[in-house]
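See structure below.
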Amino acid sequence: MIRIAALIVVCLVAACGAVEPRIRLNDEWPARVEKYDDVVDKWTRRGTLRGGYQEVLELAATLKSPEWRAAHASRDADNRGLQGEARTQLLAQAQAAAAGPYELQVMVTTWDRRENDLDRGAKSVWKIVLLDEQGMEVAPLEIVKDKRPAFVVRAEYPALGDFAQSYVARFPREAKILGPDVKRVRLRISSSRGGLELIWNDAP
């Protein structure tokens, strides 16, 4: 247990070495939609877990905040050439989705491909949870494998590695993940190999 805690600390330093993009951890629909490439980068975090001289796991995750959903829907509307009512409906659907379960796109690369099994739930090698403002663990409602071709997923999530498997992780809306008083959200993945946390900090 001590070894796992130490590995988490080491990986936190590695994951947070770069300057974080400025984000707001609120649940409000944005008044202005920014460029998708900028927004997806703002809401994506990356980290690496190493065991000895070997890389055990590489993790990237995009938190699908209202800001992300608005930018994603706007880009989708642009790509499809939608205007008027059709565009308004697409944005309204995205806003409705933002009011549902919290979602993260989780992209995992493991040294041993047999361990890339997040969609197996309780049988998975890995345990993955969100930690809310109070540090309480929030278990996922479900984790499903994103079966779309890699080039399609990478067009939406540039952080997808060449050998990564992408998943969609959904968490209960009742959890305090986004809101006016939320200052930090963490995603933790752990196993007998160690643990890794990705962190989103509120930056007014």
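For the sequence shown, this note's numbering assigns the number 399 to the initial residue and increments by one for each residue that follows.
Note that the Cβ used here is the ideal one computed from N, Cα and C, for glycine as well.
Residue 464 at chain C interface by Cβ criterion, 7 angstroms: Considering every chain present, this structure includes no chain C. It has just one protein chain.
Find out if the Cβ-Cβ distance for the pair residue 420, residue 573 is shorter than 7 angstroms. Contact check for residue 420 against residue 573 fails: the beta carbons are separated by 7 angstroms or more.
So what does DSSP say about residue 588, is it helix, strand or coil? Strand.
Counting only the same chain and skipping the five closest in sequence on each side, list residues whose C-beta sits under 7 angstroms from that of residue 498. Cβ neighbours of residue 498 beyond the five flanking positions: 571.
Provide the residue span of the beta strand (DSSP E) that contains residue 445, from first to last. Per DSSP, residue 445 is one residue of the beta strand (DSSP E) stretching across 442-449.
For the 8 angstroms Cβ check, are there 3 or more pairs between the stretch 420-439 and the stretch 460-467? Segments in contact, yes.
Beta strand (DSSP E) runs wholly inside the stretch 494-557, at least 3 long, in chain order: Note on the stretch 494-557: whole beta strand (DSSP E) runs with a minimum of 3 residues are 500-508, 525-529, 540-543, in chain order.
Looking only at its chain, what residues have a beta carbon closer than 7 angstroms to the beta carbon of residue 551, apart from the 5 residues adjacent to it on each side? Correct list, in chain order: 544, 558, 564.
Suppose you measure from the CA of residue 526 to the CA of residue 417; what does that come to, to the nearest Å? Pairing residue 526 with residue 417, the inter-Cα distance amounts to about 25 angstroms.
Can you find the residues in the same chain that come closer than 8 angstroms, C-beta to C-beta, to residue 431, ignoring five residues on each side of it along the sequence? Apart from sequence neighbours up to five positions away, the residues of its chain that approach residue 431 with a beta-carbon distance below 8 angstroms are 468, 469, 472, ordered along the chain.
Looking only at its own chain, which residues have a Cβ that is under 7 angstroms from the Cβ of residue 480, when we skip the five neighbours before and after it? These residues qualify, in order along the chain: 488.
Leaving aside the five residues before and after residue 561 along the sequence, list all residues of the same chain whose C-beta is less than 6 angstroms from its C-beta, in chain order. Once the five neighbours on either side are set aside, the close Cβ partners of residue 561 are 507.
Taking the DSSP output, what are the residues bridged to residue 565? DSSP, once it has assigned bridges, lists 504, 543 as partnering residue 565.
Are the Cβ atoms of residue 523 and residue 517 separated by less than 7 angstroms? Not closer than 7 angstroms, so no.
Exposure label - residue 542; buried when at least 16 CB within 10 Å: Exposed is the label assigned to residue 542, since fewer than 16 other Cβ atoms lie within 10 Å of its Cβ.
Under 7 angstroms Cβ to Cβ from residue 539, same chain only, skipping five residues before and after it: list those, please. So the qualifying residues of the chain are 499, 568, 569, 570.
Check whether the Cβ atoms of residue 349 and residue 575 lie closer than 7 angstroms to each other. Residue 349 cannot be examined here, being either before or after the span of the chain that is shown, 399 to 602.
Residue 442 classed as buried or exposed, judged by whether at least 16 other C-beta atoms fall within 10 angstroms: Here residue 442 is buried, its C-beta having at least 16 other C-beta atoms within 10 Å.
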